[in-house]
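*Asks:* First the structure, then my questions, so here it is.
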Amino acid sequence: MEGFLKVEHIGIAIKNIESSKALFTKLFGKESYKEEGVESEGVNTLFFQLGETKIELLEATQADSPIAKFVEKRGEGIHHIAYEVENIEAEMQRLKNEGFILLNDSPKKGADNKLVCFLHPKTTNGVLVEICQEIRNS
Ligand code: ZN
């Protein structure tokens, strides 16, 4: 059994990527390395690398996207914690067998060259959990 390997990134919901880019660049003392839109999710993402862990800023690009709804309801702040796994399909099956509710039935293409799956916060003590696996070119 592989289980979760490490915290891959922490997702933070923000209102405006330009002002937050300036803020987090100042906070971390370093530049972001990637900005990427995920059209299917209605988000723009911005990534900072801090050692082994990344910080992902998430800005809604559509009024009805999950990030827009989150910011509307709860304001800006920590949105999810993402854990790296070796084999996302095997982990999804394991978590399903353990009684967790998965928000998608098969892995989705996420930002930063990842396959991702989210777990319902109802089954994880209120924390939105993402598992992700690097897309390998083979
Ligand atoms: Zn994420």
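Here my numbering is used: the first residue of the sequence shown is 968, the next is one more, and so on.
Cβ atoms here follow ideal geometry from the backbone N, Cα and C, with glycine treated the same way.
(1) L1013: buried (16+ other C-beta within 10 angstroms of its C-beta) or exposed?
(2) Let me know if K993 comes out buried or exposed under the rule of 16 or more other beta-carbons within 10 Å of its beta-carbon.
(3) Provide the residue(s) that pair with V1111 in DSSP beta bridges, ordered along the chain.
(4) Any heavy atom of ligand 1 closer than 6 Å to the beta-carbon of E1101?
(5) Just to confirm my understanding: we take V1094, look at its own chain, exclude 5 residues before and 5 after, and list those with CB closer than 8 Å. What are they?
(6) Tell me the rounded alpha-carbon separation between H976 and K1040.
(7) What residue range is occupied by the uninterrupted alpha helix (DSSP H) comprising K1001?
(8) Could you check whether the Cβ of E1019 sits closer than 6 Å to any heavy atom belonging to ligand 1?
(9) May I have all residues whose beta carbon comes closer than 6 Å to any heavy atom of ligand 1, sorted in chain order?
(10) Using CA atoms only, rank isn't needed, just tell me which of I984, G1009 and L990 is closest to E1002.
(11) Under a Cβ-count criterion, where at least 16 other Cβ atoms within 10 Å of its own Cβ denotes burial, should G1042 be classed as buried or exposed?
(12) Return helix, strand or coil for T1028, following the three-state DSSP convention.
(13) Nearest to K1084 by alpha carbon, out of N1104, E1051, R1103 and E1026?
(14) According to the neighbour-count rule (16 or more other Cβ atoms, all chains shown, within 10 Å of its Cβ), is S1073 buried or exposed?
*Replies:* Considering the structure as presented:
(1) Looking at its Cβ environment, which holds 16 or more other Cβ atoms inside 10 Å, L1013 is buried.
(2) exposed
(3) Coverage of the chain is limited to positions 968 through 1105, which leaves residue 1111 absent and any answer about it impossible.
(4) no
(5) H1047, I1048 and P1088
(6) About 23 Å.
(7) No alpha helix (DSSP H) holds K1001; the beta strand (DSSP E) holding it covers K1001 to V1005.
(8) Result no, Cβ not under 6 Å from ligand 1.
(9) H976, G978, E1023, H1047, A1049 and E1097
(10) Nearest to E1002 by C-alpha distance, out of I984, G1009 and L990, is I984.
(11) exposed
(12) Three-state DSSP puts T1028 in coil, outside helix and strand.
(13) Here residue 1084 turns out to be Cys, not Lys, going by the sequence shown. Per the Cα distances, E1051.
(14) It is exposed - the Cβ of S1073 has fewer than 16 other Cβ atoms within 10 Å.
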